[in-house]
Ligand code: SF4
């Protein structure tokens, strides 16, 4: 797909999950309504705002005209920026309606959201969003540990993360949970793993992804690592934390008349090796892969400066 003449002028930087790499990105909001998490610098350069209906529709109109002259119509749309669900329900419904109007063949619409965004919406509001096409929400849980969530200034405590996930599921919206391996460093090695496993066991998201915490320059988190307040995990400890989460998952019980399963991925560029499968079916194989990797894994704390793309 050629993007050199792509007609949407995005307000950079723009981020999306790896699984939305082929999606049409539509900026509904700019920046992040929270913008305080100590490890995150994605939207620090932006002032949060909600875009107007006019701005959003212009983007869809231009994108439709662009794709009309190609054979590569997008199959998915991803609502940007960091928490598009912070927008009012009326604007989100407008976006969903216009997406269907300009791209009738779109198979899936997704968005990032914070727990606060979800908790601020009523169950009826989430049901209306689902009914009008919102299929999947990516929620940065990062950890199930309440004390670690507070330490990194996340917008929600563990109980709120739990309630937000369950609220999405009650509305029939698929949940993709993101976990940050290594968050909090050595002091949280065990607590992070066990609390995260307990949280995932309760929320049973449809998708689960792990990424490795890489301190980003100029963030408070980076400064804490630099000062030694947070001691980074080694590669081996990261693998051990991953294994501890997977080993302690309890996905028993049936949902909608069938056994629950989670599509698991650790294929973000921050990871040491791409791992994936369906849990619990592939848990054993994934753990074997991790055990194989642990043998040769580096024992030194991860370097402060990560050279790969994020
Ligand atoms: S809520 Fe998400 S996008 Fe916003 S500051 Fe935290 S991690 Fe970054």
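In my numbering, the protein residues as written are 98 to 407.
Beta carbons: idealized from backbone N, C-alpha and C, even for Gly.
Values in this document were obtained by computation on a predicted structure and should not be read as measured data.
### Rounded separation between residue 112 and residue 179 - CA only
As a first step, residue 112 must be located in the chain shown, where it is residue number 15. As a first step, residue 179 must be located in the chain shown, where it is residue number 82. When rounded, the distance between both Cα atoms is 8 Å.
### Task
Compare the C-alpha of residue 230 against each of 241, 253, 190 and 258 and name the closest.
As a position in the chain shown, residue 230 is number 133, starting the count at 1. Closest by alpha carbon: 190.
### Message
I need the straight-line Cα distance from residue 345 to residue 277, nearest angstrom please.
### Response
For the purposes of this step, residue 345 is taken as the residue at position 248 of the chain shown. For the purposes of this step, residue 277 is taken as the residue at position 180 of the chain shown. Approximately 17 Å between the Cα atoms of the pair.
### Query
When the distance is taken between beta carbons, is residue 391 closer than 9 Å to residue 307?
The residue labelled residue 307 in the question sits at position 210 within the chain shown. The residue labelled residue 391 in the question sits at position 294 within the chain shown. No, these two residues do not count as a Cβ contact at 9 Å.
### Message
Going by C-alpha to C-alpha distance, which of 371, 143, 294 and 195 sits closest to residue 152?
### Response
One-based indexing of the chain shown puts residue 152 at position 55. For the residues 371, 143, 294 and 195, the minimum Cα distance to residue 152 belongs to 195.
### Query
Relative to the alpha-carbon of residue 349, which residue among 262, 334, 386 and 300 has its alpha-carbon at the smallest distance?
For the purposes of this step, residue 349 is identified with residue 252 of the chain shown, where counting begins at 1. Ranking 262, 334, 386 and 300 by Cα distance to residue 349 puts 300 first.
### Query
Helix, strand or coil: how does DSSP classify residue 110 here?
Within the chain shown, numbered from 1, the residue matching residue 110 stands at position 13. If DSSP states are grouped into helix, strand and coil, residue 110 belongs with coil.
### Task
Below 8 Å on the Cβ atoms is my guess for residue 174 versus residue 206; work out the distance and round it to an integer in Å.
Translated into positions along the chain shown, residue 174 becomes position 77. Translated into positions along the chain shown, residue 206 becomes position 109. Sure, about 5 Å apart at Cβ, within 8 Å.
### Query
Exposed or buried, what is residue 98 when buried is set at 16 or more other beta-carbons lying within 10 Å of its beta-carbon?
Taking the chain shown and counting its residues from 1, the one referred to as residue 98 is at position 1. Any reading at residue 98 needs caution, since the residue's pLDDT is 45, under 50, leaving its predicted position unreliable; the model's value is listed next. Its Cβ having fewer than 16 others within 10 Å, residue 98 is exposed.
### Where the beta strand (DSSP E) through residue 208 begins and ends
Locating residue 208 in the chain shown gives position 111, where the first residue counts as 1. Per DSSP, residue 208 belongs to the beta strand (DSSP E) from 205–210.
### Message
Going by the DSSP bridge assignment, what does residue 331 pair with across the sheet?
### Response
Here residue 331 corresponds to residue number 234 of the chain shown, with the count starting at 1. In DSSP, residue 331 forms a bridge with 398.
### Query
Any chance the region 235–243 sits against the region 270–285, with 3 or more Cβ pairs inside 8 Å?
Enough Cβ pairs lie closer than 8 Å, so yes.
### Query
Are residue 115 and residue 365 close, meaning C-beta to C-beta below 9 Å?
As a working mapping, residue 115 is identified with position 18 in the chain shown. As a working mapping, residue 365 is identified with position 268 in the chain shown. For residue 115 and residue 365, yes; Cβs fall inside 9 Å.
### Task
Examine the ligand SF4 and report whether any of its heavy atoms sits within less than 8 Å of the Cβ of residue 319.
Reading the chain shown from its first residue, position 222 is the one you call residue 319. No, Cβ of residue 319 sits at least 8 Å from all heavy atoms of the ligand SF4.
### Helix, strand or coil at residue 199 according to DSSP, with G and I counted as helix
On the chain shown, position 102 is the one that residue 199 refers to. In this structure, residue 199 counts as helix in the three-state DSSP scheme.
### Task
Jot down the residue ranges of each uninterrupted beta strand (DSSP E) in the region 264–295, minimum 3 residues, whole runs only, in chain order.
Positions of the beta strand (DSSP E) runs, each at least 3 residues long and wholly inside the region 264–295, are given as 271–278 in order along the chain.
### Query
Thinking C-alpha only, which one of 199, 266, 197 and 147 is nearest residue 357?
For the purposes of this step, residue 357 is taken as the residue at position 260 of the chain shown. If we check each option's Cα against that of residue 357, 266 comes out closest.
### Query
Does DSSP put residue 156 in a helix, a strand or coil?
Within the chain shown, residue 156 is the residue found at index 59, counting from 1. Helix at residue 156.
### Message
Helix, strand or coil for residue 136? Go by DSSP, reduced to three states.
### Response
Walking along the chain shown from the start, residue 136 turns up at place 39. Looking at residue 136 - three-state DSSP - the assignment turns out to be coil, as it is neither helix nor strand.
### Message
Could you compute how far the alpha carbon of residue 67 sits from the alpha carbon of residue 158?
### Response
Residue 67 is absent from the structure shown; the chain starts at 98 and stops at 407.
### Query
Within the chosen definition, does the region 197–212 reach the region 136–149 through at least 3 CB pairs nearer than 8 Å?
no
### Query
Just to confirm, does residue 258 get its C-beta within under 8 Å of one of the non-hydrogen atoms of the ligand SF4?
Here residue 258 is taken as the residue at index 161 of the chain shown, counted from 1. Residue 258 Cβ: outside cutoff for every heavy atom of the ligand SF4.
### Task
Count the other CB atoms, across all protein chains shown, that sit within 10 Å of the CB of residue 125; report buried if there are 16 or more and exposed otherwise.
Counting from one through the chain shown, the residue named residue 125 turns up at place 28. By the neighbour-count rule (16 or more Cβ atoms within 10 Å), residue 125 is buried.
### Query
How about the region 253–270 and the region 213–221: do they share at least three Cβ pairs that are nearer than 8 Å?
yes
### Query
Taking Cβ positions, are residue 359 and residue 398 nearer each other than 9 Å?
In the chain shown, residue 359 corresponds to position 262, counting from 1. In the chain shown, residue 398 corresponds to position 301, counting from 1. No; because the gap between Cβ atoms is not below 9 Å, this pair is not in contact.
### Message
Rounded to whole angstroms, what is the Cα-Cα separation between residue 251 and residue 161?
### Response
Position 154 of the chain shown, counting from 1, holds the residue named residue 251. Position 64 of the chain shown, counting from 1, holds the residue named residue 161. The alpha-carbon atoms of residue 251 and residue 161 are separated by roughly 37 Å.
### Query
Can you give the beta carbon distance from residue 319 to residue 275, rounded, assuming they're within the 8 Å contact cut?
As a first step, residue 319 must be located in the chain shown, where it is residue number 222. As a first step, residue 275 must be located in the chain shown, where it is residue number 178. So it is not a contact: roughly 20 Å between Cβ atoms.
#### Entry: Sequence-distant residues of the same chain with beta carbon closer than 6 Å to residue 223, five excluded per side
Along the chain shown, read from residue 1 onward, the residue named residue 223 stands at position 126. Answer for residue 223: 268, listed in chain order.
### Query
Beta carbon of residue 132: closer than 8 Å to some heavy atom of the ligand SF4?
Locating residue 132 in the chain shown gives position 35, where the first residue counts as 1. Flag set: Cβ of residue 132 near the ligand SF4.
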